[in-house]
Amino acid sequence: MEEGSEILQLYEIQYSDLLLLSSSSSSCSHYQEKMIMENLGPTGPGLLAITNVPDAPLLRRKLLPLARKLALLSPDDRKRILRDHNLGSDVPLKNPDRNVSSFAMQLKYAQGMEAIESKPSDGVGSHLNLENETMGRIGDIEDDVFDNLENMFKALGLCMMEIGLCLARICDRAIGGNELEQSLLESCAAKGRLIHYHSMVDSLVLREAGPKKGSSKRNPNNHARSKENLLKGANLDTNGNEVRLCEIHPNLWQQWHYDYGIFTLLTDPMFLLSSHRTTAKSEFSSSSDQECASPSGHSYLQIFHPNKNKALMVKASPESFIVQVGESADILSKGKLRSTLHCVRRPARFENLSRETFVVFLQPSWSKTFSISDYPMEHYNPSVHHLEQAEEHYFADQDQNALTQEIQKIVPPLSARLKDGMTFAEFSRETTKQYYGGSGLQCNK
């Protein structure tokens with residue numbers, strides 16, 4: 001499906017235009033506001049891109065390669081570096097067959113709000129009050145590869161939080177009220193994650209570096225076994241949290257799901273090609289990497305567009321930010337925003353290719369109460385609606401029809417996870433349980 005997949009070129013809005021549109025005194029283009037709502041609304045794909053964010057390209061280029069470096073460190077070194085930079089992890093990092101490594105930090109709105117409000121267009125550096133010499137040190141980071149990890153993580157994360165707040169304000173104005181922005185501010189914090197999607201080579205490196213059992217001689221079947229085990233690595237839930245071990249489809253880095261927050265913001269991914277060698281005199285291996293272009297020219301983020309009944313590969317401009325709608329925004333907006341069903345595909349025939357990205361999950365406070373009154377029933381219980389659409393398209397595209405039915409088997413409908421009066425905490429627990437719990441749909445696959 002990968003090579004023949006249809007491409008979705010995202011609607012893009014410049015960062016400077018986003019700031020102007022979100023201003024309370026804005027008299028800017030109604031066309032841009034209309035296009036934002038069309039792309040995030042019920043007839044659109046549920047995502048768009050933000051371009052030309054000051055300072056962000058530099059931070060992205062420096063931060064994203066650190067995901068793989070952290071993932072392949074020895075456990076003791078990684079633990080020390082994560083502790084020194086106030087980072088945690090969401091996956092069992094002792095498992096060498098993990099499909100993904102994720103490094104997380106809570107980002108608080110209070111850290112950047114004063115700078116954001118007083119200097120709305122000064123760029124990323126102002127959001128953390130980073131001094132010029134700090135930004136200069138980022139350029140010299142090779143002297144100590146992890147030296148500015150925490151600063152860069154926070155700077156990029158707070159910039160993305162600002163984008164989310166601006167977008168929430170624009171959507172609120174179009175919908176009426178201030179439900180989205182207020183819900184974000186009441187949460188006081190967001191979740192930032194630096195994510196490394198492992199290549200097959202990474203799995204081999206981790207296995208060879210792990211504790212040795214029995215003979216230290218290399219087994220020619222190790223690579224094949226490593227490849228098989230990688231497909232059963234740890235998964236992330238629909239908001240980036242670690243869940244139990246589940247089998248992953250061999251063509252996917254992450255299975256089909258909805259995010260359950262308000263907005264998910266992602267950097268345009270970086271791809272790294274790895275080389276791996278083991279010396280004849282040593283049982284230990286080494287690995288190096290270099291950045292490369294996407295093999296297919298897109299992000300390998302794939303969405304399912306319900307109105308078109310199609311799976312589409314997402315393509316965004318280099319160094320842009322991608323914004324996806326989560327289920328909480330869908331619920332709070334009474335269906336005027338449409339949550340994005342998506343997965344992350346693994347490139348075919350590239351066993352040494354990894355994918356790096358930085359993600360910020362914006363969500364309501366855990367105590368936020370949801371109401372489903374006036375919520376569109378086709379969003380709440382979409383299975384019948386989607387099946388009717390699938391039957392209409394059956395003879396036109398049987399492959400897409402098969403995909404639709406497969407997705408329905410592994411993605412629990414909102415009606416099974418959300419009840420009227422639930423808090424966001426209850427909704428998130430039920431969502432995780434139904435996807436990945438003991439009888440969860442994606443642990444039965």
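Residue numbers for the sequence shown follow the UniProt record's numbering, so the first one is 1 and each next one is one higher. Virtual Cβ for every residue (Gly too), placed ideally from N, Cα, C. Just so you know, these numbers come straight off a predicted model, no measurement behind them.
Quiz item: Are VAL314 and ILE331 touching if we call contact CB-CB under 8 Å?
Solution: Within the sequence shown, residue 314 is the residue found at index 314, counting from 1. Within the sequence shown, residue 331 is the residue found at index 331, counting from 1. No, the Cβ-Cβ distance between VAL314 and ILE331 is not below 8 Å.
Exercise. Tell whether a beta-carbon distance below 8 Å holds between ASN100 and HIS196.
Key: Within the sequence shown, residue 100 is the residue found at index 100, counting from 1. Within the sequence shown, residue 196 is the residue found at index 196, counting from 1. Here residue 100 turns out to be Val, not Asn, going by the sequence shown. The Cβ-Cβ distance between VAL100 and HIS196 falls below 8 Å.
Self-check item: At least three beta-carbon pairs within less than 8 Å, the segment 161-177 to the segment 14-33
Solution: Verdict: yes, contact present.
Quiz item: Taking the alpha-carbon positions, what's the SER203 to LEU72 distance?
Solution: Here residue 203 corresponds to residue number 203 of the sequence shown, with the count starting at 1. Here residue 72 corresponds to residue number 72 of the sequence shown, with the count starting at 1. Whole-angstrom Cα-Cα distance: 9 Å.
Quiz item: Using the rule of at least 16 other Cβ atoms within 10 Å of the residue's Cβ for burial, across every protein chain shown, is ASN148 buried or exposed?
Solution: By one-based count along the sequence shown, residue 148 stands at place 148. Per the 10 Å Cβ criterion, buried.
Quiz prompt | Where the alpha helix (DSSP H) containing SER187 begins and where it ends | solution = Along the sequence shown, one-based indexing puts residue 187 at 187. Its alpha helix (DSSP H) spans residues 179-187.
Quiz item: For ASP289, does the three-state DSSP call read helix, strand or coil?
Solution: Locating residue 289 in the sequence shown gives position 289, where the first residue counts as 1. ASP289 carries a strand assignment under DSSP once its states are collapsed to helix, strand and coil.
Quiz prompt | Run of the alpha helix (DSSP H) containing TYR31, from where it starts to where it stops | solution = The count along the sequence shown starts at 1 and reaches residue 31 at position 31. In this chain, the alpha helix (DSSP H) harbouring TYR31 covers 30-40.
Quiz prompt | Spatial neighbours of LYS94 in its chain, beta-carbon cut-off 8 Å, leaving aside the 5 residues before and after | solution = One-based indexing of the sequence shown puts residue 94 at position 94. The residues are PRO75.
Quiz prompt | Other residues of its chain near ASN132: CB distance less than 7 Å, five sequence neighbours each side excluded | solution = Position 132 of the sequence shown, counting from 1, holds the residue named residue 132. Confidence in ASN132 is poor, its pLDDT being 38 and thus under 50, which makes the residue's placement unreliable; the coordinate value appears in the next sentence. Excluding the 5 residues flanking it on each side, ASN132 has no same chain C-beta neighbour closer than 7 Å.
Quiz item: Alpha carbon to alpha carbon, how far is HIS298 from GLY41?
Solution: Against the sequence shown, residue 298 aligns to sequence position 298. Against the sequence shown, residue 41 aligns to sequence position 41. Straight through space, the alpha carbons of GLY41 and HIS298 are spaced by roughly 23 Å.
Quiz item: From PHE424 to LYS368, what does the alpha carbon distance come to, in whole angstroms?
Solution: Taking the sequence shown and counting its residues from 1, one reaches residue 424 at position 424. Taking the sequence shown and counting its residues from 1, one reaches residue 368 at position 368. Cα to Cα, the separation comes out at about 5 Å.
Quiz item: Helix, strand or coil for GLU6 per DSSP?
Solution: Here residue 6 refers to the residue found at position 6 when the sequence shown is read from its first residue. Correct three-state label for GLU6: strand.
Practice problem: From the DSSP output, in three-state form, read off PHE304 for me. | Solution: Mapped onto the sequence shown, residue 304 falls at position 304. For PHE304, the secondary structure class from DSSP, reduced to helix, strand or coil, is strand.
Practice problem: Starting from the C-beta of ARG355, find all residues in its chain whose C-beta is less than 7 Å away, skip the five residues before and the five after it, and write them out in chain order. | Solution: Locating residue 355 in the sequence shown gives position 355, counting from the first residue. Cβ contact annotation for ARG355 (same chain, cutoff 7 Å, sequence separation greater than five): TYR197, TRP253, PRO269, PHE271 and TYR300, in chain order.
Self-check item: LYS419 versus LEU180: straight-line alpha-carbon distance, rounded
Solution: Your numbering for residue 419 matches position 419 in the sequence shown. Your numbering for residue 180 matches position 180 in the sequence shown. Linking LYS419 to LEU180 through their CA atoms gives a straight-line distance of about 20 Å.
Quiz item: Can you list, in chain order, the residues of its chain whose CB lies under 6 Å from that of PHE146, leaving out five sequence neighbours each side?
Solution: The residue you call residue 146 lines up with position 146 of the sequence shown. Setting aside the 5 residues that flank it on each side, PHE146 is surrounded in the same chain by ILE81, each with a C-beta closer than 6 Å to its C-beta; the list follows chain order.
Quiz item: Looking at GLY157 and LEU107, is the spacing between their C-beta atoms short of 8 Å?
Solution: On the sequence shown, residue 107 is found 107 positions in, with the first residue counted as 1. On the sequence shown, residue 157 is found 157 positions in, with the first residue counted as 1. Yes, these two residues count as a Cβ contact at 8 Å.
Quiz item: Just the Cα atoms here: how many angstroms apart are GLY376 and LEU63?
Solution: Looking up residue 376 in the sequence shown gives position 376. Looking up residue 63 in the sequence shown gives position 63. Just to set this straight, residue 376 is Pro in the shown sequence, not Gly. Looking at the two C-alpha atoms, the distance is approximately 41 Å.
Practice problem: On a CA-only basis, which of ALA209, VAL205, VAL201 and SER102 is nearest LYS191? Give me that one, please. | Solution: Mapped onto the sequence shown, residue 191 falls at position 191. For the residues ALA209, VAL205, VAL201 and SER102, the minimum Cα distance to LYS191 belongs to SER102.
Practice problem: Verify whether the separation of the beta carbon atoms of ARG326 and ILE372 is less than 8 Å. | Solution: Position 326 of the sequence shown, counting from 1, holds the residue named residue 326. Position 372 of the sequence shown, counting from 1, holds the residue named residue 372. Sequence inspection shows Gly at residue 326; the Arg mentioned does not correspond to that position. No, these two residues do not count as a Cβ contact at 8 Å.
Self-check item: Distance between beta carbons of LEU165 and LEU184, contact taken as under 8 Å
Solution: Here residue 184 refers to the residue found at position 184 of the sequence shown. Here residue 165 refers to the residue found at position 165 of the sequence shown. Contact between LEU184 and LEU165 holds: CB atoms are separated by about 6 Å, below the 8 Å threshold.
Quiz item: At what residues does the beta strand (DSSP E) containing LEU337 begin and finish?
Solution: For the purposes of this step, residue 337 is taken as residue 337 along the sequence shown, with counting starting at 1. Boundaries cannot be given for LEU337, as no beta strand (DSSP E) includes it and DSSP labels it neither H nor E.
Quiz item: Below 8 Å between beta carbons: does that hold for LEU273 and GLN290?
Solution: As a first step, residue 273 is located in the sequence shown; it is residue number 273 there, counting from the start. As a first step, residue 290 is located in the sequence shown; it is residue number 290 there, counting from the start. Going by C-beta atoms, LEU273 is nearer than 8 Å to GLN290.
Quiz item: First and last residue of the beta strand (DSSP E) that includes ARG346?
Solution: For the purposes of this step, residue 346 is taken as the residue at position 346 of the sequence shown. Looking at the DSSP string, ARG346 is not in any beta strand (DSSP E), and its letter there is neither H nor E.
Quiz item: Using the beta-carbon count (16 or more within 10 Å), is GLU208 buried or exposed?
Solution: For this step, residue 208 is matched to residue 208 along the sequence shown. Classification of GLU208: buried, given that the 10 Å Cβ count is 16 or more.
Exercise. Give the DSSP bridge partners of GLN14, in chain order.
Key: Taking the sequence shown and counting its residues from 1, one reaches residue 14 at position 14. Beta-bridge pairing links GLN14 to THR51.
Exercise. Using alpha carbons as the reference points, say which of SER317, CYS343 and GLN363 lies closest to LEU10.
Key: For the purposes of this step, residue 10 is taken as residue 10 along the sequence shown, with counting starting at 1. Out of SER317, CYS343 and GLN363, SER317 has the C-alpha closest to the C-alpha of LEU10.
Practice problem: Give me the Cα-Cα distance between LYS308 and MET200, rounded to the nearest whole angstrom. | Solution: Residue mapping note: residue 308 aligns to position 308 of the sequence shown, counting from 1. Residue mapping note: residue 200 aligns to position 200 of the sequence shown, counting from 1. Rounded to the nearest whole angstrom, the C-alpha separation of LYS308 and MET200 is 34 Å.
Practice problem: Determine the contact status of GLU319 and ALA56, defining contact as a CB-CB distance below 8 Å. | Solution: As a position in the sequence shown, residue 319 is number 319, starting the count at 1. As a position in the sequence shown, residue 56 is number 56, starting the count at 1. Cβ distance < 8 Å, so GLU319 and ALA56 count as in contact.
Quiz prompt | Residues sharing a beta bridge with GLU319, DSSP | solution = Working through the sequence shown from its first residue, we reach residue 319 at position 319. Partner(s): none; GLU319 has no beta bridge.
Quiz item: Is it buried or exposed for SER24, if we count other Cβ within 10 angstroms and need 16 for buried?
Solution: Translated into positions along the sequence shown, residue 24 becomes position 24. The residue in question, SER24, is exposed, as its Cβ has fewer than 16 Cβ neighbours within 10 Å.
Quiz prompt | For LEU18, the nearest candidate out of GLU426, LEU312 and PRO54 (CA to CA) | solution = The residue labelled residue 18 in the question sits at position 18 within the sequence shown. Of GLU426, LEU312 and PRO54, the residue nearest in Cα terms is PRO54.
Practice problem: Specify, as a first and last residue, the run of the alpha helix (DSSP H) that ARG98 falls within. | Solution: Working through the sequence shown from its first residue, we reach residue 98 at position 98. Following the DSSP letters along the chain, one finds ARG98 in no alpha helix (DSSP H), marked with neither H nor E.
Self-check item: 8 Å Cβ cutoff, ALA348 in contact with chain B
Solution: Of the protein chains in this structure there is only one, and it is not chain B.
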